[in-house]
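K.L.:
Sending over a structure as structure tokens; questions will come in a sec.
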Amino acid sequence: MSLALDWSLLVPAAWRGSVTRSTVRADLIAGLTNASIVLPQGVAFATIAGLPPIYGLYTAMITPIVAALWGSSMVMVSGPTTAISAVVFSTLAGLSVPGSVEFIQLALLLTLMVGVIQFLLGFAGLGRLVAFVSHSVMLGFTAAAAVLIGVSQIAPAMGVAIERGGSVVERLYRTIESAEQINMTAVYIAATAFIVTILSRRIAPRSPTFLIGLTASALLAAYLDAQKKGVAMVGELPSITPYFSPPTASLETIGLVTEGAFAIALIGLLEAVSIGRAFAYRTNTRFDANREIVGQGLSNIVGSMFQAYPGSGSFTRSGINYESGAKTPMSAIFAAIFLFIILLLFSPLVAHIPIPGLAGLILLVAWKLVSFKEIWEISRASPTELSIIAATFLAGTMVELDFAIYVGVILSLMIFLSKTSRPNLVISAPDENGTFRDPTLYSLRECPQAMFIRIDGPLYFGSVESIERGFRKVERSRPLQKHMVLVLKGVGDVDLAGAHALIDEAKRRKKRGGSLYIVTRYEPLIKRLERLHVIQEIGEDHVVASKGDAIRAVTAQLSDDICATCDARIFRECAGRPNALVPKMEVAE
Numbered sequence: 030m031s032l033a034l035d036w037s038l039l040v041p042a043a044w045r046g047s048v049t050r051s052t053v054r055a056d057l058i059a060g061l062t063n064a065s066i067v068l069p070q071g072v073a074f075a076t077i078a079g080l081p082p083i084y085g086l087y088t089a090m091i092t093p094i095v096a097a098l099w100g101s102s103m104v105m106v107s108g109p110t111t112a113i114s115a116v117v118f119s120t121l122a123g124l125s126v127p128g129s130v131e132f133i134q135l136a137l138l139l140t141l142m143v144g145v146i147q148f149l150l151g152f153a154g155l156g157r158l159v160a161f162v163s164h165s166v167m168l169g170f171t172a173a174a175a176v177l178i179g180v181s182q183i184a185p186a187m188g189v190a191i192e193r194g195g196s197v198v199e200r201l202y203r204t205i206e207s208a209e210q211i212n213m214t215a216v217y218i219a220a221t222a223f224i225v226t227i228l229s230r231r232i233a234p235r236s237p238t239f240l241i242g243l244t245a246s247a248l249l250a251a252y253l254d255a256q257k258k259g260v261a262m263v264g265e266l267p268s269i270t271p272y273f274s275p276p277t278a279s280l281e282t283i284g285l286v287t288e289g290a291f292a293i294a295l296i297g298l299l300e301a302v303s304i305g306r307a308f309a310y311r312t313n314t315r316f317d318a319n320r321e322i323v324g325q326g327l328s329n330i331v332g333s334m335f336q337a338y339p340g341s342g343s344f345t346r347s348g349i350n351y352e353s354g355a356k357t358p359m360s361a362i363f364a365a366i367f368l369f370i371i372l373l374l375f376s377p378l379v380a381h382i383p384i385p386g387l388a389g390l391i392l393l394v395a396w397k398l399v400s401f402k403e404i405w406e407i408s409r410a411s412p413t414e415l416s417i418i419a420a421t422f423l424a425g426t427m428v429e430l431d432f433a434i435y436v437g438v439i440l441s442l443m444i445f446l447s448k449t450s451r452p453n454l455v456i457s458a459p460d461e462n463g464t465f466r467d468p469t470l471y472s473l474r475e476c477p478q479a480m481f482i483r484i485d486g487p488l489y490f491g492s493v494e495s496i497e498r499g500f501r502k503v504e505r506s507r508p509l510q511k512h513m514v515l516v517l518k519g520v521g522d523v524d525l526a527g528a529h530a531l532i533d534e535a536k537r538r539k540k541r542g543g544s545l546y547i548v549t550r551y552e553p554l555i556k557r558l559e560r561l562h563v564i565q566e567i568g569e570d571h572v573v574a575s576k577g578d579a580i581r582a583v584t585a586q587l588s589d590d591i592c593a594t595c596d597a598r599i600f601r602e603c604a605g606r607p608n609a610l611v612p613k614m615e616v617a618e
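With the first letter of the sequence shown counted as 1, position 551 gets the number 580 in my numbering; the numbers rise by one all the way through.
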């Protein structure tokens, strides 16, 4: 895979020509709507990540501005996301105490590393690597993240404090052990946030449902005087203004978070690219994956300097942005500005948000993360894809969440390689209209001396063994068909191992008194066969552009003795053979 450095990706606001007075008006409205949505989300997602709430708000202020300036999507909004927050916690919980100064520094270092990885991938034009992570991997990963998130919030929703970290099973065990300490006031508050948010979604789906649910839980907490009953609150926020403070770390610390950084970078790119492509289709605008990846990378690099933890495109906020009438990335910039203004005016109120209320919202987020319907449909349609989902899910819940991505990718690649290593060898013969079809399926007669085989799949080192086994199988079952016409129309490329397989087969056929002809008109493949010396070895006249050319060449080499007793006569060229009848058909190319 060649690197293609594109310096134009560093130019900000490539979309600025689309900004007009009317788009600014629409983007202002969408930005205000988004700001009201991200306030509770930022607090909740930071909690998932094991960080103080203000870091979610810093991320919601810095990340979308930079991503909007350098990204490609016209309506996508970046910021803190559920999946990335869960992986941040999973990556760092074993290294430091969540919420501690050391934990925060590790999170900021992780953000910088994620940004650098993403920037380099996008700038080098390697955005297509994201395609190696299948949709099934993401389904399994998000399901595992949902379980991890849900289990981690059961204790806060019950108003009990347990040791954080560990696998899903360990957390469940610790939660069950502390069940006798349940604070029912906390349970009521969590249930209120959960139920009110669901009801508001059904009654007014375009309203700031998270904010409504959180406000309802805060009002109930105030009415019950919950803090005096042992219910924890978010507490007073420190400075709401992001400040410049580059992360610092030793080489040893960098090594500890490198694996998690790669996983988060990959997850972030998957989220951003999938959202960007989906909304590009809806808005009928162009989407440049590499530009978006560069934008995401820069947003995390700059974010790490201003106290933000890793972010990416947000499904929820992007959807709301689009539904609110956003026209350009200015809406994301306005949302960040409005959030700062809201915090400036109302930050004291954030201190009174009850932790169980946040837990109730996060439990709802976790439940909505799992695509039950889609997983069920995949389970019925493709057991292979279901196995990828299951393996990714189990790795995420039983081992580590970031490790689940690698398990899913490796398993996907293994299944892909397994499929491509077994290409189909399709034997065909002409029907009465001259169209080549499967002779067994359509009860067609074949030439007793020549066979036509089409390779459906790649011809490379991974498939050579399977192809050679197929050659030997047809050789044993059809010993008189010494001439082989190999149709490579379904083969886009051939590597050295594939070239050797073709040369070896040609030599075997020649030794048995037969021949090998290759049919292809794909010019890049022909040049590839020349460079690998296939054409020189089998002869230029043995590489033809059509089946008709191959038939004319093969029939000239057939044994007259066999032709004299043959009554198949399936080719037009059979008219020139001994005891020939009137030719039966034209061959369809």
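Think of the CB as a built atom: it goes at the ideal place given N, C-alpha and C, for glycine as much as any other residue.
Since this is a predicted model, take the numbers as computed values, not measurements.
Taking only the alpha-carbon atoms, compute the straight-line gap between Ala75 and Tyr310 and give it to the nearest angstrom.
P.N.:
For Ala75 and Tyr310, the distance between alpha carbons rounds to 31 angstroms.
K.L.:
First and last residue of the alpha helix (DSSP H) that includes Phe316?
P.N.:
Taken as a continuous stretch (DSSP letters only), Phe316 belongs to no alpha helix (DSSP H), as it is neither H nor E.
K.L.:
Can you give me the C-alpha to C-alpha distance between Ile456 and Ile482, rounded to a whole angstrom?
P.N.:
4 angstroms
K.L.:
Using CA coordinates, which residue listed in Asp596, Thr469, Pro377 and Tyr551 is at the minimum distance from Glu265?
P.N.:
Pro377
K.L.:
Measuring straight from C-alpha to C-alpha, what distance separates Leu509 and Ser163?
P.N.:
46 angstroms
K.L.:
Could you work out which residue in Ala89, Ile58, Ile133 and Ile183 is closest to Leu392 when comparing CA atoms only?
P.N.:
Closest by C-alpha distance to Leu392, out of Ala89, Ile58, Ile133 and Ile183, is Ile183.
K.L.:
With DSSP run on the structure shown, which of helix, strand or coil describes Met105?
P.N.:
coil
K.L.:
Should Gln147 and Leu298 be called a contact, given that it needs their Cβ atoms to be closer than 8 angstroms?
P.N.:
yes
K.L.:
Where Leu243 and Gly85 are concerned, what is the direct C-alpha to C-alpha distance, given to the nearest angstrom?
P.N.:
16 angstroms
K.L.:
Could you please give me the residues that DSSP links to Asn453 through a beta bridge?
P.N.:
Answer is Asp485, bridged to Asn453.
K.L.:
Tell me the rounded alpha-carbon separation between Leu285 and Gly389.
P.N.:
32 angstroms
K.L.:
Quick one, are the C-beta atoms of Gly100 and Gly324 less than 8 angstroms apart?
P.N.:
Cβ distance < 8 angstroms, so Gly100 and Gly324 count as in contact.
K.L.:
Can you give me the start and stop residues for the alpha helix (DSSP H) that His164 sits inside?
P.N.:
His164 to Met187
K.L.:
Hey, quick one: how far does the alpha helix (DSSP H) through Met359 stretch, first residue to last?
P.N.:
Met359 to Val379 is the span of the alpha helix (DSSP H), which, as asked, contains Met359.
K.L.:
Would you tell me roughly how many angstroms separate the C-alpha atoms of Asn313 and Val104, rounded to the nearest one?
P.N.:
Each residue's alpha carbon lies about 12 angstroms from the other.
K.L.:
Quick check: Ala251 and His381, are their CB atoms within less than 8 angstroms of each other?
P.N.:
yes
K.L.:
Is the Cβ-Cβ distance between Leu80 and Ala136 less than 8 angstroms?
P.N.:
yes
K.L.:
Nearest to Ser246 by alpha carbon, out of Ile205, Gly577 and Val263?
P.N.:
When only C-alpha atoms are compared, the closest one is Val263.
K.L.:
How should Lys540 be labelled, buried or exposed, when 16 other C-beta atoms within 10 angstroms of its C-beta is the threshold for buried?
P.N.:
exposed
K.L.:
Which whole runs of the alpha helix (DSSP H) in the region 394–449 are 4 residues long or more, in chain order?
P.N.:
Qualifying alpha helix (DSSP H) stretches, in chain order: 401–410, 412–427 and 430–449.
K.L.:
Please name the residue in Ser575, Asn453, Ile404 and Val503 whose C-alpha comes closest to that of Leu415.
P.N.:
Ile404
K.L.:
Per DSSP, which one or two residues make a beta bridge with Phe465?
P.N.:
The beta-bridge partner set that DSSP reports for Phe465 consists of Pro459.
K.L.:
Go through its chain and collect everything with a Cβ distance to Thr238's Cβ below 8 angstroms, but skip five positions before and after it.
P.N.:
So the list reads Thr226, Ser229 and Arg230, once near-sequence residues are dropped.
K.L.:
Taking the alpha-carbon of Ile296 as reference, which of Phe401, Ala365, Leu121 and Tyr435 has the nearest alpha-carbon?
P.N.:
Tyr435
K.L.:
Distance check for Arg501 and Thr549, CA to CA, integer angstroms please.
P.N.:
23 angstroms
K.L.:
For the alpha helix (DSSP H) that contains His562, what are its first and last residues?
P.N.:
Counting along the chain, His562 falls outside any alpha helix (DSSP H), and DSSP gives it neither H nor E.
K.L.:
Could you give the distance in angstroms between the alpha-carbon of Gly259 and the alpha-carbon of Ile371?
P.N.:
C-alpha separation (whole angstroms): 29 angstroms.
K.L.:
Does the distance from the C-beta atom of Val572 to that of Ala582 stay below 8 angstroms?
P.N.:
no
K.L.:
Give me the Cα-Cα distance between Tyr272 and Ser353, rounded to the nearest whole angstrom.
P.N.:
31 angstroms
K.L.:
Just verifying my parser: in three-state terms, what is the DSSP assignment at Phe503?
P.N.:
A small correction: the amino acid at residue 503 is Val; Phe does not occupy that position in the sequence shown. In the three-state reduction of the DSSP assignment, Val503 falls in the helix class, which pools H, G and I.
K.L.:
Between which two residues does the beta strand (DSSP E) containing Leu545 stretch?
P.N.:
From DSSP, the beta strand (DSSP E) with Leu545 extends over Ser544 to Val548.
K.L.:
Start and end of the beta strand (DSSP E) containing Leu515?
P.N.:
His512 to Val516
K.L.:
Which residue from Glu131, Leu240, Thr357 and Val331 puts its Cα closest to that of Val379?
P.N.:
Leu240
K.L.:
Evaluate Arg235 with the Cβ neighbour count: other Cβ atoms within 10 Å of its Cβ, from every protein chain shown; 16 or more gives buried, anything less gives exposed.
P.N.:
exposed
K.L.:
Check whether the Cβ of Ile547 lies closer than 7 angstroms to any heavy atom of the ligand ADP, and answer yes or no.
P.N.:
This structure lacks the ligand ADP, and indeed carries no ligand of any kind.
K.L.:
Taking the alpha-carbon positions, what's the Glu552 to Val438 distance?
P.N.:
33 angstroms
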